[in-house]
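Sequence order for the protein chains is P and L.
So the first sequence is numbered by our numbering: it starts at 1 and just counts up by one.
So the second sequence is numbered by our numbering: it starts at 1 and just counts up by one.
Every residue gets a Cβ at the ideal spot worked out from N, C-alpha and C, and that includes glycine.
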Amino acid sequence: MKAVYKRELSAYFRSPTGYVFCAIYLFFSAMYFNSVLSTGQSSEFPQIYYGMLSFILLMLPLLTMRLFSEERKYKTDQVLLTSPINITPLVLGKFLSALTVYFGCTVFTLIYAVVFCFFVSPSWPLVIGNIFGATLFGAAFIAVGMFISSTTESQFVAAMGSFSIATIFVILDVIPLRTDNEIVIKLVNYISFVGRYTPFKNGILDISSIVFFLSITAAFIFLTVRVLEKRRWS
Amino acid sequence: MISVKNLTKKYGNITALDNVSFSVEKGEVVGFLGPNGAGKSTAMNIITGYLSSTSGNVKIDGFDILEEPTDAKKRIGYLPEVPPLYPDMTVDEYLDFIYELKAAKQKKKAHFNEICELTKITAVRGRLIKNLSKGYRQRVGIAQALVGNPPVLILDEPTVGLDPKQIIEMRTLIKKLGENHTVILSSHILSEVQAVCGRIIVLNNGRLVADNKAQELGQSLNGGNSIVLRALGDDKRIQALLNSVKSVKHFSKSESFSDGAQEYLVNLSSSENAREEIFFAFASKKVPIIEMKTAEYSLEDIFMSLVNKDK
Chain P
1 MKAVYKRELS
11 AYFRSPTGYV
21 FCAIYLFFSA
31 MYFNSVLSTG
41 QSSEFPQIYY
51 GMLSFILLML
61 PLLTMRLFSE
71 ERKYKTDQVL
81 LTSPINITPL
91 VLGKFLSALT
101 VYFGCTVFTL
111 IYAVVFCFFV
121 SPSWPLVIGN
131 IFGATLFGAA
141 FIAVGMFISS
151 TTESQFVAAM
161 GSFSIATIFV
171 ILDVIPLRTD
181 NEIVIKLVNY
191 ISFVGRYTPF
201 KNGILDISSI
211 VFFLSITAAF
221 IFLTVRVLEK
231 RRWS
Chain L
1 MISVKNLTKK
11 YGNITALDNV
21 SFSVEKGEVV
31 GFLGPNGAGK
41 STAMNIITGY
51 LSSTSGNVKI
61 DGFDILEEPT
71 DAKKRIGYLP
81 EVPPLYPDMT
91 VDEYLDFIYE
101 LKAAKQKKKA
111 HFNEICELTK
121 ITAVRGRLIK
131 NLSKGYRQRV
141 GIAQALVGNP
151 PVLILDEPTV
161 GLDPKQIIEM
171 RTLIKKLGEN
181 HTVILSSHIL
191 SEVQAVCGRI
201 IVLNNGRLVA
211 DNKAQELGQS
221 LNGGNSIVLR
231 ALGDDKRIQA
241 LLNSVKSVKH
251 FSKSESFSDG
261 AQEYLVNLSS
271 SENAREEIFF
281 AFASKKVPII
291 EMKTAEYSLE
301 DIFMSLVNKD
311 K
């Protein structure tokens with residue numbers, strides 16, 4: 001697992017992918033920071049993360065598209081699958097490498113909190129809680145994107161696949177604003193990634209949200225393993 | 001060392017491998033020979049655990065590739081048809097990755113030096129793989145298979161795409177590797193397999209059609225004792241002369257050349273003095289023989305004869 005993790009992580013920064021992702025992430029989060037700063041209220045701090053969520057969904061395909069598609073294109077999956085290592089640690093190594101890049105960007109936002117300290121004292125539990133929530137949120141979608149990447153040989157198709165799903169999630173969140181139907185609102189909030197994030201924004205460590213994100217992550221890691229396993233038998 | 005039993009692989013309705021069984025002893029160098037689509041790569045992919053078989057089993061040193069994959073895979077170094085290289089890494093970084101992936105135990109520096117020396121890639125160790133030529137990539141692919149010093153090497157068409165000089169180097173390398181490894185390599189070129197392998201397994205349409213020692217395979221085919229004869233002269237005279245030689249069974253014209261030479265494929269009943277007889281017969285009538293050589297069998301001939309025998 002360590003070997004795959006190390007290789008994948010370094011691969012992000014051998015190509016522009018890693019830099020582009022970090023740059024876009026930091027650009028948008030800085031914009032939100034700027035707008036939060038102009039309100040002058042420390043309680044608005046989570047808005048940096050909350051506002052970022054849609055962008056994160058749309059950006060993560062950048063990180064996940066190459067995970068398995070590239071291996072198939074270059075036929076390097078042959079060396080991975082014929083090496084004395086099981087498929088699960090292999091998938092986990094790849095998953096963790098994408099998560100690390102994402103997590104690195106998220107942790108970087110702590111700088112904003114430090115800047116805040118010059119003016120007001122931010123609520124640290126709120127800040128840490130939001131970083132924790134944003135990490136879970138990203139992990140779940142990275143797992144989804146990785147699964148899509150494992151089903152195709154083309155990075156482009158993988159990116160478009162995850163991008164479409166991200167778009168659906170983003171559009172989903174608009175529905176509650178346009179309807180009064182309680183069942184629809186409840187249903188959307190139940191499956192919406194952004195909806196699930198709301199408790200973190202409000203400073204609540206919501207167990208059901210944590211479980212939701214963790215189970216999505218686990219389910220799609222499992223599905224990725226199955227896809228790779230199945231290919232041997234086809 | 002390698003035991004393959006009743007291996008069958010089906011892709012939907014297509015049978016890629018049909019009940020193939022063979023075993024390879026320790027230290028043997030075995031060649032898989034067959035035309036494109038014969039099932040060579042499929043067989044290799046199954047032996048190395050990349051694909052699963054529809055039925056049958058593969059054991060490496062007693063470990064089943066599906067039931068004890070870690071133990072079995074530890075013992076195999078595999079060079080697939082397309083070398084599995086990451087273009088964005090340097091050779092050293094790549095070997096490092098493979099070393100960790102295989103959890104190799106050897107002392108890294110000395111081990112890498114040895115492998116790079118053997119495969120002659122020392123000069124390019126610091127270069128990005130995407131900038132390497134096809135020949136070097138192929139060798140890095142072999143170096144990758146050698147990491148961890150596995151006792152079994154599976155090489156899928158190791159000489160494809162190389163220039164003649166590299167092909168000779170590659171053969172020398174494989175021969176050298178054969179001294180202390182068990183090797184299976186595949187090819188669709190007969191002379192190549194004959195040059196390096198002690199034993200040849202011929203596959204056709206997913207079926208094993210022959211499993212012989214390299215020399216025996218040639219001999220069994222040479223039963224007909226054919227030679228190619230090129231002589232200067234008109235057809236009538238040459239044909240009359242050939243008819244006059246007792247040991248000539250039959251002959252057929254294969255080509256005529258602009259310089260007046262005619263080429264014949266001549267089938268001999270016995271090889272002992274046949275060539276001398278032909279030579280003297282032609283010399284006495286002053287018909288110069290420009291060329292006389294043993295007919296070389298192409299892979300197609302081998303298949304024709306093997307498949308015909310099979311029927």
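ask   = Taking 9 Å as the CB-CB limit, is N36(L) close to chain A?
value = Of the chains in the structure shown, none is chain A; the protein chains are P and L.
query = Does the count of Cβ pairs from the segment 40-48 of chain P and the segment 126-145 of chain L closer than 8 Å reach three?
reply = no
Own chain partners of F95(P) with C-beta closer than 7 Å, once the 5 adjacent residues on each side are dropped = I142, A143, M146, I221
task = Note down, in chain order, every chain L residue with its Cβ under 7 Å from the Cβ of S83(P).
result = K73, L101, K102
ask   = Taking 9 Å as the CB-CB cut-off, is M89(L) touching chain P?
value = yes
query = So which residues of chain L does T76(P) contact, with C-beta pairs closer than 8 Å?
reply = P84, L85, Y86
inquiry  = Taking 9 Å as the threshold (beta carbon to beta carbon), is K94(P) in contact with chain L?
reply    = no
Given L47(L) as reference, the closest of G27(L), L79(L), N36(L) once Cα atoms are compared = In the sequence under discussion, the amino acid at residue 47(L) is Ile, which differs from the Leu named in the question. I47(L) has its Cα closest to that of L79(L), out of G27(L), L79(L), N36(L).
task = Could you work out which residues of chain L lie near K2(P), taking near to mean beta carbons separated by less than 7 Å?
result = E100
Range covered by the beta strand (DSSP E) that runs through R7(P) = Looking at the DSSP string, R7(P) is not in any beta strand (DSSP E); the run it does join, the alpha helix (DSSP H), is 2-14.
request  = Per DSSP, which residues does D211(L) bridge with? Please list them.
outcome  = I201(L)
query = Quick one: what's R128(L) bridged to in DSSP?
reply = Note that residue 128(L) corresponds to Leu in the displayed sequence, not to Arg. DSSP lists T90(L) as partners of L128(L).
ask   = Counting only beta-carbon atoms, is R232(P) nearer than 9 Å to chain L?
value = yes
ask   = Is any beta-carbon of chain L found at less than 9 Å from that of V20(P)?
value = no
message = Is there a Cβ of chain L sitting closer than 9 Å to that of S15(P), yes or no?
response = yes
message = Given this structure, state the Cα-to-Cα distance separating F13(P) from V20(P), to the nearest angstrom.
response = 10 Å
task = May I have the straight-line CA-CA distance separating V228(L) from F32(L), to the nearest angstrom?
result = 28 Å
query = Is the CB-CB distance between Y74(P) and V82(L) below 9 Å?
reply = yes
message = At the level of alpha carbons, what is the spacing between K26(L) and T182(L)?
response = 6 Å
task = Taking the CB atoms as reference points, tell me whether A23(P) and L63(P) lie closer together than 9 Å.
result = no
query = Are the C-beta atoms of T70(L) and some chain P residue less than 9 Å apart?
reply = yes
query = Closer than 7 Å, Cβ to any Cβ of chain P: which residues of the segment 45-58 of chain L, in chain order?
reply = T48, G49, Y50, L51, S52
For S164(P) and F156(P), the rounded distance between their alpha carbons = 12 Å
query = F78(P) by DSSP, collapsed to three states: which one?
reply = Just to set this straight, residue 78(P) is Gln in the shown sequence, not Phe. Residue state, collapsed to three classes: helix.
ask   = Roughly how many angstroms separate the alpha carbons of A210(L) and L58(P), rounded to a whole number?
value = 57 Å
task = Can you give me the Cβ contacts of L241(L) inside the same chain, cut-off strictly under 7 Å, excluding the 5 residues immediately before and after it?
result = A281, F282, K285, V287
ask   = Of all the CB atoms in chain P, is at least one closer than 9 Å to the CB of Y11(L)?
value = yes
task = Thinking A140(P) and I216(P) are a contact (beta carbons under 8 Å), I'd like their distance in whole angstroms, please.
result = 4 Å
query = So what's K5(L) in DSSP terms, helix, strand or just coil?
reply = strand
request  = In the DSSP assignment, find the alpha helix (DSSP H) that holds I204(P) and state where it starts and stops.
outcome  = Note, I204(P): premise wrong, no alpha helix (DSSP H); not H, not E.
key: Closer than 7 Å at the beta carbon, the chain L residues around R7(P)   = F97
task = Report buried or exposed for R150(P), applying the criterion of at least 16 other Cβ atoms within 10 angstroms of its Cβ.
result = In the sequence as presented, Arg is not what sits at residue 150(P); that position holds Ser. By the 10 Å Cβ count, S150(P) comes out buried.
query = Can you name the start and end residues of the beta strand (DSSP E) that T182(L) belongs to?
reply = 182-187
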